[in-house]
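A.B. asks: Read in order, the letters of the sequence shown correspond to residues 4 to 913 in our numbering. Backbone N, C-alpha and C define an ideal beta-carbon position, used for all residues, glycine too. Submitted below is the structure of interest, expressed as structure tokens.
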Amino acid sequence: MSTADFGPNAWVVDEQWNRYRHDPRSVDQTWRNFFAAHDVPVPAPAASGTAGAALPVQRDGGDASVLTAVRVAELIAAYRTRGHLAAATNPLATEPAATPRELDLAAFRLDHADPAAKVVVDGFAGRTTMALQDVLIALREIYCGSVGFEYTHLTDAGERRWMRERVEGPQHRADRAEKLQILYRLGAAETFEAFLQKKYVGQKRYSLEGAESAIVLLDALLLRAIDAGMADAVIGMAHRGRLNVLANIVGKSYAQIFAEFLDTADVPGVRGSGDVKYHLGAEGTYRALTGGSIGVSVVANPSHLEIVGPVAQGIVRAKQEPTVEGGDPHPVLPVVVHGDAAFAGQGVAAETFNMSRLPGYRTGGTVHLVIDNQVGFTTPPTGGRSGTYATDVAHAVDAPVLHVNGDDPEAVVRVARLAFDYRQAFHKDVVIDLVCYRRHGHSEVDDPSITQPAMYDRIGAKASVRALYAESLLRRGELTAAQVEGARRNYQEHLERAFAETRTTSAAPGASEAGEHPDAEQRTPRPAATSIDEPTARRVIATQTDLPPELTVHPRVLPQLARRAAMLDDGTIDWATAETLAIGSLLLDGVPVRLTGQDSRRGTFGQRHAVLTDRRNGAEYTPLNHLGPRAARFSLYDSMLSELAALAFEYGYALARPDALVLWEAQFGDFANGAQTVIDEFIASSEQKWGRRSALTLLLPHGLEGQGPDHSSARIERFLQLCAQDNMTVALPSLPSNYFHLLRRHALDGSGTPLVIFTPKSMLRSKAATSTLTEFTQGEFRPVLPDLAADPARVTRVLFCSGKVCYDLEARRRSSGSAHTAIVRLERLYPFPKRELAAELARFPGAVDVRWVQEEPENQGPWSFVEPRLRRLVSVPVGCVSRPAAAAPAVGSARRHALEQETLVASAFR
Numbered sequence: 004m005s006t007a008d009f010g011p012n013a014w015v016v017d018e019q020w021n022r023y024r025h026d027p028r029s030v031d032q033t034w035r036n037f038f039a040a041h042d043v044p045v046p047a048p049a050a051s052g053t054a055g056a057a058l059p060v061q062r063d064g065g066d067a068s069v070l071t072a073v074r075v076a077e078l079i080a081a082y083r084t085r086g087h088l089a090a091a092t093n094p095l096a097t098e099p100a101a102t103p104r105e106l107d108l109a110a111f112r113l114d115h116a117d118p119a120a121k122v123v124v125d126g127f128a129g130r131t132t133m134a135l136q137d138v139l140i141a142l143r144e145i146y147c148g149s150v151g152f153e154y155t156h157l158t159d160a161g162e163r164r165w166m167r168e169r170v171e172g173p174q175h176r177a178d179r180a181e182k183l184q185i186l187y188r189l190g191a192a193e194t195f196e197a198f199l200q201k202k203y204v205g206q207k208r209y210s211l212e213g214a215e216s217a218i219v220l221l222d223a224l225l226l227r228a229i230d231a232g233m234a235d236a237v238i239g240m241a242h243r244g245r246l247n248v249l250a251n252i253v254g255k256s257y258a259q260i261f262a263e264f265l266d267t268a269d270v271p272g273v274r275g276s277g278d279v280k281y282h283l284g285a286e287g288t289y290r291a292l293t294g295g296s297i298g299v300s301v302v303a304n305p306s307h308l309e310i311v312g313p314v315a316q317g318i319v320r321a322k323q324e325p326t327v328e329g330g331d332p333h334p335v336l337p338v339v340v341h342g343d344a345a346f347a348g349q350g351v352a353a354e355t356f357n358m359s360r361l362p363g364y365r366t367g368g369t370v371h372l373v374i375d376n377q378v379g380f381t382t383p384p385t386g387g388r389s390g391t392y393a394t395d396v397a398h399a400v401d402a403p404v405l406h407v408n409g410d411d412p413e414a415v416v417r418v419a420r421l422a423f424d425y426r427q428a429f430h431k432d433v434v435i436d437l438v439c440y441r442r443h444g445h446s447e448v449d450d451p452s453i454t455q456p457a458m459y460d461r462i463g464a465k466a467s468v469r470a471l472y473a474e475s476l477l478r479r480g481e482l483t484a485a486q487v488e489g490a491r492r493n494y495q496e497h498l499e500r501a502f503a504e505t506r507t508t509s510a511a512p513g514a515s516e517a518g519e520h521p522d523a524e525q526r527t528p529r530p531a532a533t534s535i536d537e538p539t540a541r542r543v544i545a546t547q548t549d550l551p552p553e554l555t556v557h558p559r560v561l562p563q564l565a566r567r568a569a570m571l572d573d574g575t576i577d578w579a580t581a582e583t584l585a586i587g588s589l590l591l592d593g594v595p596v597r598l599t600g601q602d603s604r605r606g607t608f609g610q611r612h613a614v615l616t617d618r619r620n621g622a623e624y625t626p627l628n629h630l631g632p633r634a635a636r637f638s639l640y641d642s643m644l645s646e647l648a649a650l651a652f653e654y655g656y657a658l659a660r661p662d663a664l665v666l667w668e669a670q671f672g673d674f675a676n677g678a679q680t681v682i683d684e685f686i687a688s689s690e691q692k693w694g695r696r697s698a699l700t701l702l703l704p705h706g707l708e709g710q711g712p713d714h715s716s717a718r719i720e721r722f723l724q725l726c727a728q729d730n731m732t733v734a735l736p737s738l739p740s741n742y743f744h745l746l747r748r749h750a751l752d753g754s755g756t757p758l759v760i761f762t763p764k765s766m767l768r769s770k771a772a773t774s775t776l777t778e779f780t781q782g783e784f785r786p787v788l789p790d791l792a793a794d795p796a797r798v799t800r801v802l803f804c805s806g807k808v809c810y811d812l813e814a815r816r817r818s819s820g821s822a823h824t825a826i827v828r829l830e831r832l833y834p835f836p837k838r839e840l841a842a843e844l845a846r847f848p849g850a851v852d853v854r855w856v857q858e859e860p861e862n863q864g865p866w867s868f869v870e871p872r873l874r875r876l877v878s879v880p881v882g883c884v885s886r887p888a889a890a891a892p893a894v895g896s897a898r899r900h901a902l903e904q905e906t907l908v909a910s911a912f913r
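Structure, rendered in structure tokens:
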């Protein structure tokens, strides 16, 4: 007989044979008899590494018992892989799920086998042999009950074995106390929603009705986390169920939530617009009945659903890093709650999954909870995804998926515990698909029966999960009717008391109008000493040249490092060296620095070389992490090829680490538009909406240099359009020393607002764009650089500009001998430096010709922002010298670009 006789089941025979040849006792007696019957010698049982004899080829036909064992093994494997397709996970199902053909006994030629016959099962359900009918019963109970398991796709055999043992092994049965806890949590979730529906008719709240088991699940997760000694849990979620989670998990007071419905509450710390109640976040402490507790927070989030996922990951990473030494490296539990349609439909979910195991982003595994309503706004799954499940994206990162019927809260608790334990064991993501329904429409004012009439007929006739669970407990005699009703009534009375208190409390003062706050242009940040002494500068630069003797630096990089030391003496400090001085000196001041982006360790333009790679063995060395034991840490990571999730992560990280300088660098500034949602919804407005400040710094390479429409513009105009209420700083520095002072001031002044810097490309190596050491050891950031070369009395024309065009203008002035033109640089665009500009203008005659010069087209760049502000400072019209208005930022032809640039610069002097 050949193993090929077993067809697709040959792998089972091979597996048993390999085990048998190493240790005959490791296989069942049936297999030992089979191999013995085919003249296979019994090998020594303990001969480690000894290969057994090859399986001899016989021609006398197969052995019936072994064929049956092989077919049963295939049956078990099929249920492990595909049993979830027949699982009873849908609470809206009107009949049991059909058994797929691949799970039918006929598919394994077992349909005519004796159901009472003992068959070899090789450890399934903890048994070596079972009756065939018992095997089938056990398979259906384990894999086709209220939970559907997807884990056989996991690459690691150890993980698959771990999951299999816990899925198929003995299961914990909830005791009376646990059942009471489940019932109480279901009652709290349901009563809270019913209370809001009754008291605030017609108001949107995006209720959790139909998915109340989510509260039970989160409860079980947090109890597990407390038992594991975890410090915090961070929850990212969209708006559905947020109010319920805030009240019943985070512990936000009912009175505060009710006040938000009455529109009498302000968000603490908010100076601007505020936001709707179901977008707000909160922090609290979750306390177990046993006395343990854990800090828990829900991250504020806009209506852009999945974008909160990477924000929450960044917060968790930031919270974990200071606690790593000497303890659990992942002491903070990330939990992200998704909607089914958004999870399948929004690409940021896949981006965030991809981050989960990358060095710069991993958080030790996230528990993902998909509240699977089985419908989007009105779109059914058939129109919302191409795969079988909303969770199919999880397969891409080797994450197990646990589908559970939301109407079986005890199964929900089991799944929550299993998910948490997997996360703790393997520090990987795990997904729970809570299959449930949405009792109302997308919001409470929507009628879902218009588009899903049959579905909502079933939902309308369906009892709640709390009612179903209470009924089952009563039917089994595990609780009395008085206990069931008492738990619900106590919670209802608690809500009524809070509601009464809210109604009698006088309305809080309304949110301050934006106009009551001093405009950003009239505010002065807290001064910070940003200069450093010469020994500090030389100590920082020494790290670039005092390298370990065993490190073989690439021959093209070594001269660049050597030049950095020479620049201090030559007075030619370039951009990359200025940045090295800024970061190194901050590390010596005890300020941690994190820098991420695509190719940021080397630098897109080969300028940074913050991490050196050994030319011979690939070992990595970070010079600035060798400033001494008291220096803070410099964390650098090349990000995955993403802007959206990557920038959202850094926003969250900076939010939780106000003590650090957190920098995100775009490969080219143009590509930041891939993260426009993060810029609009979080960076520009989080303080105004939610009272949350994130001092994230964006480094956006910008400049028209003939590289085409997609490698020229970081869209300055878009950022300036978002500027108001002192929400950020936007700068376009032209000197390395000013960049140095800007970074240090941002890290030290405690402003807590984002900083957007449009960084150079060609200027990185421009001999004109250099600074002397004195500019670093003295002075500070200058928002306006005056023209010290022109004689003010002779000036008839003042050219205002920002960025690298100033060097083209100065070169033109030198070549033309134009002594009547002054060139003034705006290094900071917002807050607009009107005092400094007014002082500079006062040096010149009142009737001077004032022009703004920019490389960008007239409808782009700073012009539309600068023009009305400049006009208020002068008594003459302000002209604009720029490229003509255009749909694209730049032309694709380098030749045409050069002609345009020459024309633009020449016209500034006409």
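How is residue 535 classed by DSSP in three states: helix, strand or coil?
C.D. replies: coil
A.B. asks: Quick check on DSSP: helix, strand or coil for residue 785?
C.D. replies: coil
A.B. asks: Could you tell me which uninterrupted beta strand (DSSP E) segments, each at least 3 residues in length, are contained entirely in the region 270-348, listed from first to last along the chain?
C.D. replies: 285-290, 296-301 and 335-342
A.B. asks: To the nearest angstrom, how far is it from the Cα of residue 723 to the Cα of residue 702?
C.D. replies: 15 Å
A.B. asks: With DSSP as the reference, label residue 358 as helix, strand or coil.
C.D. replies: It is helical.
A.B. asks: Please classify residue 436 as buried or exposed, where buried requires at least 16 neighbouring CB atoms within 10 angstroms.
C.D. replies: Answer is buried; the Cβ neighbour count reaches 16.
A.B. asks: Could you tell me which residues DSSP puts in a beta bridge with residue 802?
C.D. replies: 826 and 854
A.B. asks: Can you have a look at residue 484 and say buried or exposed, based on whether 16 or more other CB atoms are within 10 angstroms of its CB?
C.D. replies: exposed
A.B. asks: Cutting at 6 Å between CB atoms, please list the residues of its own chain near residue 555, excluding the five before and the five after it.
C.D. replies: 617, 618 and 619
A.B. asks: Per DSSP, residue 702 is paired with what?
C.D. replies: 668 and 760
A.B. asks: Where residue 898 and residue 304 are concerned, what is the direct C-alpha to C-alpha distance, given to the nearest angstrom?
C.D. replies: One C-alpha to the other measures close to 46 Å.
A.B. asks: Take the Cβ of residue 496 as the centre, count every other Cβ of all protein chains shown within 10 Å, and call the residue buried at 16 or more, exposed below.
C.D. replies: exposed
A.B. asks: Relative to the alpha-carbon of residue 265, which residue among 590, 290, 120 and 502 has its alpha-carbon at the smallest distance?
C.D. replies: 502
A.B. asks: What are the uninterrupted segments assigned as alpha helix (DSSP H) that are 4 or more residues long and contained completely in the region 218-249, given in chain order?
C.D. replies: 245-248
A.B. asks: For residue 169, which residues in the same chain have their Cβ closer than 7 Å to its Cβ, ignoring the five residues on either side in sequence?
C.D. replies: Scanning its chain for C-beta atoms nearer than 7 Å, with the 5 sequence neighbours on each side dropped, one finds around residue 169 the residues 421, in chain order.
A.B. asks: Determine, using beta carbons only, whether residue 312 and residue 347 come nearer to each other than 9 Å.
C.D. replies: no
A.B. asks: Determine the burial state of residue 588: buried for a count of at least 16 other Cβ atoms within 10 Å of its Cβ, exposed for fewer.
C.D. replies: Looking at its Cβ environment, which holds 16 or more other Cβ atoms inside 10 Å, residue 588 is buried.
A.B. asks: Looking only at DSSP bridge pairs, what is residue 860 linked to?
C.D. replies: 886
A.B. asks: DSSP three-state label for residue 597, please.
C.D. replies: strand
A.B. asks: Using the Cα positions of residue 51 and residue 27, report the straight-line distance between them to the nearest angstrom.
C.D. replies: Note that residue 51 scores a pLDDT of 40, beneath 50, so its modelled location is shaky; the value from the coordinates is reported in the next line. The straight-line gap from Cα to Cα measures roughly 13 Å.
A.B. asks: Okay, do the region 754-765 and the region 691-706 touch, 3+ Cβ pairs below 8 Å being the bar?
C.D. replies: As far as the Cβ criterion goes, the region 754-765 touches the region 691-706, which means the pair count is three or higher.
A.B. asks: Please state the DSSP three-state secondary structure of residue 573.
C.D. replies: helix
A.B. asks: So for residue 452, helix, strand or coil by DSSP?
C.D. replies: helix
A.B. asks: Candidates 626, 704, 687 and 780: which alpha carbon is nearest residue 608's?
C.D. replies: 704
A.B. asks: Do residue 131 and residue 138 come within 9 Å of each other at the CB atom, strictly closer than that value?
C.D. replies: no
A.B. asks: Among 474, 557, 648 and 627, which has the Cα closest to the Cα of residue 541?
C.D. replies: 627
A.B. asks: Note down, one range per segment and in chain order, each alpha helix (DSSP H) of at least 4 residues found wholly within the region 468-513.
C.D. replies: Fully enclosed alpha helix (DSSP H) runs of 4 or longer: 468-478 and 484-507.
A.B. asks: Name, in chain order, the residues that DSSP records as bridge partners for residue 681.
C.D. replies: Its beta-bridge partners do not exist; DSSP assigns none.
A.B. asks: Pick out whichever of 410, 195 and 314 has its Cα sitting closest to the Cα of residue 95.
C.D. replies: 410
A.B. asks: Would you report the Cα separation of residue 769 and residue 813, rounded to the nearest angstrom?
C.D. replies: Cα to Cα, the separation comes out at about 14 Å.
A.B. asks: Report, in whole angstroms, the separation of the C-beta atoms of residue 797 and residue 912, which I expect to be a contact under 8 Å.
C.D. replies: Contact flag wrong, Cβ pair sits at about 15 Å.
A.B. asks: Going straight from the alpha carbon of residue 893 to that of residue 806, what length do you get?
C.D. replies: 16 Å
A.B. asks: Since residue 639 is in the beta strand (DSSP E), which residue starts that stretch and which ends it?
C.D. replies: 637-641
A.B. asks: Candidates 615, 830 and 579: which alpha carbon is nearest residue 561's?
C.D. replies: The shortest C-alpha to C-alpha distance from residue 561 to any of 615, 830 and 579 is the one to 615.
A.B. asks: Which whole-angstrom value is the C-beta distance of residue 533 and residue 751, which I expect to be below 8 Å?
C.D. replies: Indeed they touch by this definition, with Cβ atoms about 7 Å apart.
A.B. asks: In chain order, which continuous runs of the beta strand (DSSP E) of length 3 or greater are located wholly inside the region 89-140?
C.D. replies: 121-123 and 132-134
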